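Taken in order, the sequence shown gives residues 1 to 289; the numbers are from UniProt numbering.
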Amino acid sequence: MSARGRPGFHRLEVNRTVWEVPERYRDLRQVGTGAYGTVCSAVDWRSGTKVAIKKLHRPFQSELFAKRAYRELRLLKHMKHENVIGLLDVFTADLSLDRFHDFYLVMPFMGTDLGKLMKIERLSEERVQFLVYQMLRGLEYIHAAGIIHRDLKPGNLAINQDCELKILDFGLARQADSEMTGYVVTRWYRAPEIILSWMHYTQTVDIWSVGCIMAEMLLGKPLFKGNDHLDQLTEIMKITGTPTQEFICKLQSQDVSVFFFFLSLLLQLHLDRSSPELSFSTTLVLQLL
Numbered sequence: 001m002s003a004r005g006r007p008g009f010h011r012l013e014v015n016r017t018v019w020e021v022p023e024r025y026r027d028l029r030q031v032g033t034g035a036y037g038t039v040c041s042a043v044d045w046r047s048g049t050k051v052a053i054k055k056l057h058r059p060f061q062s063e064l065f066a067k068r069a070y071r072e073l074r075l076l077k078h079m080k081h082e083n084v085i086g087l088l089d090v091f092t093a094d095l096s097l098d099r100f101h102d103f104y105l106v107m108p109f110m111g112t113d114l115g116k117l118m119k120i121e122r123l124s125e126e127r128v129q130f131l132v133y134q135m136l137r138g139l140e141y142i143h144a145a146g147i148i149h150r151d152l153k154p155g156n157l158a159i160n161q162d163c164e165l166k167i168l169d170f171g172l173a174r175q176a177d178s179e180m181t182g183y184v185v186t187r188w189y190r191a192p193e194i195i196l197s198w199m200h201y202t203q204t205v206d207i208w209s210v211g212c213i214m215a216e217m218l219l220g221k222p223l224f225k226g227n228d229h230l231d232q233l234t235e236i237m238k239i240t241g242t243p244t245q246e247f248i249c250k251l252q253s254q255d256v257s258v259f260f261f262f263l264s265l266l267l268q269l270h271l272d273r274s275s276p277e278l279s280f281s282t283t284l285v286l287q288l289l
C-alpha cells in the first residue's frame with residue numbers, strides 16, 4: 001500500500017520512478033519517457049487486457065505544465081475514434097487537494113510508435129500509404145472538433161502489431177480559433193507559418209507535419225533536418241522552392257524578408273530530385289501534403 005495510505009493502491013518503483021497505482025494494474029514495465037511524462041505498460045487484472053499508464057512529471061510545478069496536463073486530460077476524455085488514442089481511466093494516489101501532486105492516465109496499449117518502427121525497418125510504399133491514410137482519418141476527426149494537434153511527429157503515432165495507428169499526446173493541442181504560439185512541434189515537422197511565429201495559423205500545420213512524416217517513411221530519413229529555425233527554413237525551401245514576392249511583401253519582419261530574398265537567389269531545387277522512385281499516386285499525395 002502507498003505510504004500515503006490510499007486504500008486499494010500499491011506502491012512500486014520502476015526505473016527509479018515511484019508509481020502509486022490501483023491494485024488492479026500489475027506487471028508495470030517502462031516503455032517510454034519524455035520531458036512531460038513516463039509511460040509504463042501494465043496488465044489490468046480486472047479486464048485481462050494490457051494497458052499503457054502515463055505518469056505526468058510534476059504536472060503542477062508551473063502554469064505551463066499545468067495547462068499542458070489539463071489540455072491532454074480534457075481532450076482525451078472526449079476522443080472517440082479508432083485512429084485517436086482514448087482514455088480508459090484517470091486516477092491519483094493523493095488523498096487531499098493539499099497533497100495533490102501526481103496523476104495518471106490509462107490508455108490502450110499499442111506496442112510501439114512510428115519513430116521506433118522506422119529505426120528497425122524500412123517501410124514498404126503500401127504500408128506507408130496505409131499509415132498515412134490512418135493519420136489523415138484521425139486528423140479529420142480532430143480537426144472537425146475544432147482542434148489543432150500542433151505536435152505531430154513519429155513518436156506521437158502509436159502502432160500495434162496489426163499496423164493500426166492512433167494519434168497520441170494532446171498536451172500541445174489548441175482550439176483552432178485561439179491565438180497561437182510558435183514554440184510547438186518538433187522542429188523537423190514544423191510548418192513554415194509556425195517557424196515564422198504567425199499567431200493565427202490553421203489546421204494545415206498538422207497536414208504539413210503529416211507530409212514530413214510521410215516523406216521520412218519513404219526516404220528512410222527526415223526530409224527537413226534543420227539545426228535551428230533559420231536552417232529549417234533553408235532546408236524546406238531547398239525542396240519546395242522559395243516564396244513568391246507577393247508573400248514576402250506581406251511579412252512584417254524586414255530581416256525575414258531579406259533572408260527570403262537572398263535565399264531565393266541560391267535555391268532552385270525541387271521535390272522530385274530528393275525523392276526515391278515512387279508510384280504516381282504516392283508522389284501526388286506527398287506533393288499535395
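Beta carbons: idealized from backbone N, C-alpha and C, even for Gly.
Treat the numbers as computed from the prediction; the structure is a model and nothing was measured.
Does the Cβ of residue i have 16 or more other Cβ atoms within 10 Å, making it buried, or fewer, making it exposed?
i	result
V18	exposed
I120	exposed
D177	Because the pLDDT at D177 is just 44, under 50, the model does not fix this residue reliably, and the value given afterwards should be weighed accordingly. So D177 counts as exposed.
C163	exposed
E20	buried
L64	exposed
G220	exposed
E216	buried
M79	buried
G37	buried
E13	exposed
G146	exposed
Y201	buried
L139	buried
A144	exposed
K67	exposed
K238	buried
N15	exposed
D169	buried
E72	buried
F9	buried
Taking the alpha helix (DSSP H) that residue i falls in, what are its first and last residues?
i	result
W188	Run containing W188: none; DSSP gives neither H nor E here.
E235	H229 to T240
E13	First-last for E13: F9 to V14, but that is the beta strand (DSSP E), not the alpha helix (DSSP H).
Tell me where the beta strand (DSSP E) around residue i begins and ends.
i	result
L196	Careful: L196 lies outside any beta strand (DSSP E) and carries neither H nor E.
A158	L157 to I159
D206	Taken as a continuous stretch (DSSP letters only), D206 belongs to no beta strand (DSSP E), being part of the alpha helix (DSSP H) at T204 to L219.
P22	T17 to P22
R26	Y25 to T33
L165	L165 to I167
A42	G37 to D44
What distance in whole Å lies between the Cβ atoms of residue j and residue i, which are believed to be in contact at a cut-off of 8 Å?
i	j	result
S62	A52	Not quite, the Cβ-Cβ distance comes to about 25 Å (not below 8 Å), so this is no contact.
C195	H149	Checking the sequence, you will find Ile at residue 195 rather than Cys. Between H149 and I195 the Cβ distance is about 17 Å, and since that is not below 8 Å, they are no contact.
R187	G226	6 Å
L157	I167	6 Å
I85	L95	Not confirmed; about 29 Å, so no contact.
L218	V128	6 Å
In terms of alpha-carbon separation, which member of the options lies closest to residue i?
i	options	result
T112	T33, E126 and R74	T33
Y25	D102, G48 and V31	G48
W208	D169, Y36 and D151	D151
A191	Y104, K153 and I142	K153
H101	A93, E140 and P108	A93
F224	L123, E235 and Q203	E235
M214	Y189, K67, M110 and I159	Y189
P7	E126, E193 and F91	F91
Y104	F130, K55 and D231	K55
N160	R122, Q129, K116 and E23	K116
V205	M107, L136 and L218	L136
L114	V106, R99, M107 and F130	F130
D44	Q30, R11, Y70 and P108	P108
M110	E126, G241, G155 and H57	G155
P222	E125, E126, M118 and Q203	M118
V31	K50, A69 and R74	K50
L88	V132, R46 and L165	R46
Inset, instruction - List in chain order: all unbroken alpha helix (DSSP H) runs of 4+ residues lying wholly within the region 47 to 130. - result: Listed in chain order, the alpha helix (DSSP H) elements of length 4 or more contained wholly in the region 47 to 130 are 63 to 78 and 114 to 120.
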